[in-house]
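Protein chains in written order, with this note's numbering: chain V, 1 to 471; chain S, 472 to 766. Note that the Cβ used here is the ideal one computed from N, Cα and C, for glycine as well. Treat the numbers as computed from the prediction; the structure is a model and nothing was measured.
If you want it as structure tokens, here you go:
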């Protein structure tokens, strides 16, 4: 008999007032009992709507079935056939708009906690599995993967399992891409990313850090070195700013910079070697996952007050629901339907040597009303004349998206990009305008989710396999 | 094939103190050495826990696979770097980043370097000289003890003016003194290229402005990744009456000096001044303690 409780087993978390002051993971994960109980809520539908909601088509009812049999390792094996990074996805996927959105249980209650179960299974495996995975037999072909973020790692993993000799090139000093520099420790512990990377290395994938493709080596040189195909998963590099006055004042960060300083460079530590502005009042501009990450990081760095400034309403907030809830519980104040028009700086006219000169003192915002829907169906934000007001803040973090990095485009002849700088690919294969060059993830789409990047990496791996088997 | 994570080592092949606070090192990094051009930079981390700092390429040997860096000991990281010796390795060394200095077609160039900026100016002078350009070098230092690379500049230039603040060597005064004199006497360079402290570059631009000669400045702002990702290195250019944001790491480090908002760059450069002073003092104290224990 399935468990007909309309509610999911709640995810155990650190209490908001405790976790707001530490960088430990917020959600602590299901126990075996909770996982079994939750697994019993799955109706094991024949047509498996949840699977169609998953960008990498994890065979969800099958792995949940293994959980019901208490075969947790078996459940892991099912997931790992479709996903290279289960412990990551279980934590950062927006399940509410993907697998869980399609769950039949949603008709009368909450969907099955698929993400929580995936995380449970992956964590169980990582805690218990001892054997290294078998290294697949080499098929003699080598492929270069540019970027070690979610799309690159997925593509590398899938190709390695097919016997390809895969080399991943990473520009930073640590593999993981956005999973390391972007997503904070309290949402995705770095030890988990490291474990996933080591898992790929055990499959024979070579990780090359400190190599910027487009600078240290070009795509053409990778072919000269003997790689037969190249996957570009270099991510969305350049941070967007609003182009309002005052964005160059001291104390204005892009979310990329703010999060990189804290996550990758460990500026959150007591006596860090890389500086970051801590404490005071912080305004984060934007409403996506990155904005939530930046706001909650600021809080943990010791801010007395953190605002999210977002120009639409709660309904349109693009961040993962759980992150918004967690942020609210932690005391972050949401200033919805507001848009910044100017960053205000401190200027002591009497003393040009005043050390506070040039630092942020506030953010001038204007209230917004939602007008007619735009072409994407989202209601257009319209400023309310005369509604401007000043918010006193010390730090402003701009989390309003990124644009694709031009380094590869500018050094790879014949690589077609669109108006916004995204690499143009065939949707079903990830093939670019250059023969043997494939691409996926934010380098193609602009800022999107971890799982959609993984889906693209997967599609490209399949296409690269087909391409090299034909060749 | 390529060096990567499992075998990443960037050994120090040579080390030389150019003056009490400036050190020259050659680092073995063949992939970087193969591509480096004057004007480009690298980012390095001294150890696993270190911060990422940008340093402009001061030279390279493609055959030996080495890249030369010249750095002033100004903070905790450069202090730690200076503790390393020949045979030691540094943790990370990535590049070459940024765009190379534009030298094509130039026939008469004035190079104006200040302090450790001269280390970056030298390879540009050498490259210009090698392509048959007439090179006038003006190099400025606070005092005689801080003078570096004079002989190298003499070899790479048609004429050299050594300036210092206290008159302890060469001519007393700042780099603008001979520059103004040359310009007043009718010297018309194709290009003035200046590298050094922001305030010095600002004054060089102002000295050249009345003559309308092209003037390139080399910016070295605070940065983390060096690939355009963090935006921390952004600066404002005034172009045709509009303010444009540019990232020094991918759009620079060279910019048209007339367009750069120097006051903003100077302000942004001081963002972490208190932090840096604290970190440097802490590192010095640690060193002193170790020295005391050794003694």
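In the DSSP annotation of this structure, the continuous segment of the alpha helix (DSSP H) that includes residue 745/S starts and ends at 744-765. Per DSSP, reduced to three states, the secondary structure at residue 51/V is helical. Inter-residue distance for residue 222/V and residue 174/V is about 21 Å (C-alpha atoms, whole angstroms).
Minimum Cα-Cα distance from residue 731/S among the listed residues 625/S, 673/S, 721/S corresponds to 673/S. Within the stretch 505-519 of chain S, contact with chain V at the beta-carbon level (separation under 8 Å) is assigned to 506, 516. Residues of the same chain with a CB within less than 6 Å of the CB of residue 302/V, apart from the 5 flanking positions on each side, are 278, 279 in chain order. Neighbours of residue 358/V in chain S, taken as residues whose beta carbon is under 7 Å from its own, are 738 in chain order. Only those residues of the stretch 233-250 of chain V whose C-beta falls short of 7 Å from the nearest C-beta of chain S are listed: 237, 238, 239, 241, 248, 250.
Apart from sequence neighbours up to five positions away, the residues of its chain that approach residue 241/V with a beta-carbon distance below 6 Å are 247, 398, ordered along the chain.
Here residue 296/V is near residue 330/V, since their CB atoms are less than 8 Å apart. Beta-carbon to beta-carbon, residue 13/V and residue 28/V are separated by about 6 Å, close enough to satisfy the 8 Å threshold.
Around the Cβ of residue 99/V, a 10 Å sphere holds 16 or more other Cβ atoms; the residue is buried.
Taking all protein chains shown into account, residue 41/V has 16 or more neighbouring C-beta atoms within 10 Å of its C-beta and is therefore buried. Taking the Cβ atoms as the reference, residue 153/V lies roughly 6 Å from residue 85/V, within the contact range of under 8 Å. Residue 263/V counts as buried, since at least 16 other C-beta atoms from the protein chains shown sit within 10 angstroms of its C-beta. Non-local C-beta neighbours of residue 144/V in its own chain, meaning closer than 7 Å and more than five positions away in sequence, comprise 167, 169, 222, 227, 230, ordered along the chain.
Closer than 8 Å to the CB of residue 344/V there is not a single CB belonging to chain S. Here residue 450/V is buried: its Cβ has 16 or more other Cβ atoms, across all protein chains shown, within 10 Å.
Chain V has a Cβ within less than 8 Å of the Cβ of residue 521/S. Pairing residue 438/V with residue 460/V gives a Cβ-Cβ distance under 8 Å.
Residues of chain V whose Cβ lies closer than 8 Å to the Cβ of residue 752/S do not exist, since the nearest Cβ in that chain is about 12 Å away. Three or more beta-carbon pairs separated by less than 8 Å link the stretch 284-292 of chain V to the stretch 313-330 of chain V, which places the two stretches in contact.
Within the stretch 698-734 of chain S, the complete beta strand (DSSP E) segments at least 3 residues long are 705-710, 713-718, 725-727, listed from N- to C-terminus. When Cβ-Cβ separations below 8 Å define contact, residue 173/V makes contact with chain S. Counting only runs of 4 or more residues that sit fully inside the stretch 610-635 of chain S, the alpha helix (DSSP H) segments are 621-627, in chain order. The DSSP-derived three-state label of residue 28/V is coil. Among the residues of the stretch 667-685 of chain S, none has a Cβ less than 8 Å away from any Cβ of chain V. Residue pairing of residue 138/V in beta bridges, as defined by DSSP: absent, with no partner found.
Under the three-state reduction of DSSP output, residue 363/V falls in the strand class. A direct Cα-to-Cα measurement between residue 495/S and residue 483/S gives close to 10 Å. Spatial neighbours of residue 499/S in its own chain (CB-CB distance under 6 Å, excluding positions within 5 residues in sequence) are listed in chain order as 482, 484, 536, 537. Under the three-state reduction of DSSP, residue 64/V is assigned to helix. Think of a sphere of 7 Å around the beta carbon of residue 735/S: the chain V residues whose beta carbon falls inside it are 248, in chain order. Membership of residue 568/S in the beta strand (DSSP E) is indicated by the continuous run 563-568. The beta carbon of residue 433/V lies closer than 8 Å to those of 414, 415, 416, 424 in the same chain, with the five residues before and after it left out. For the pair of segments examined, the stretch 195-211 of chain V was found not to touch the stretch 91-106 of chain V: the number of CB pairs separated by less than 8 Å stays below three.
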